[in-house]
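With UniProt numbering, the residue at position 68 of the sequence shown is 68, and numbering never jumps. Where a beta carbon is used, it is the ideal one built from N, C-alpha and C, also for glycine. No experiment lies behind these values; they were computed from the predicted model shown.
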Amino acid sequence: MHSGCYGAHAGTWMLTNKALRAGYFWPTMKQNARQLVDKCERCQKYFSLIHHPAETLTTMLSPCPSAQWGMDIVGPFPLALGQRKILLVAIDYFTRWVEAEPLARITEGEIRKFIWKNIICSFGLP
């Protein structure tokens, strides 16, 4: 019912109602459904975070330009020329300057080349 071929990894409320509509009932039904959902690895991995309280935002402080950079990998996107589907992005926390480059795959060598070409050769060592 929860994860079989007709299961949709429903939450506690939906799983309990699904069981009731199928004609099942027992006194600890809701607690058992909660335990099942809490122990389901796929539910924990893909559960939507919209039901969690928002965290307070914190400011990223940097003393001067090029002192601190943040990097992220974004994608996959639809394929571009050269089989590129991933975007490597670096942001200078002080100036908010963005350096980005599309890549076909993420490897240690590709990231090193990106840092050398887009950050160190352009702005010097952080």
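- The Cβ neighbour count for Phe25, taken over all protein chains shown within 10 Å, is under 16; the residue is labelled exposed.
- A contact is defined here as three or more CB-CB pairs under 8 Å, and the region 10-17 meets this definition with respect to the region 27-37.
- The alpha-carbon separation between Leu125 and Ile119 amounts to approximately 8 Å.
- When rounded, the separation of the alpha-carbon atoms in Asp72 and Ala104 is 15 Å.
- For the set Gly70, Asn32, Leu20, the Cα lying nearest the Cα of Arg96 is the one of Gly70.
- Separation of Phe114 and Glu101 (C-alpha to C-alpha, rounded to the nearest whole angstrom) is 8 Å.
- Counting only runs that start and end inside the UniProt domain "Integrase catalytic" (61-126), the alpha helix (DSSP H) elements of at least 4 residues fall at 108-114.
- Residue environment analysis places Ala67 among the exposed positions, since fewer than 16 neighbouring C-beta atoms fall within 10 angstroms of its C-beta.
- Distance from the CA of Thr58 to the CA of Glu99, rounded to the nearest whole angstrom, comes to 23 Å.
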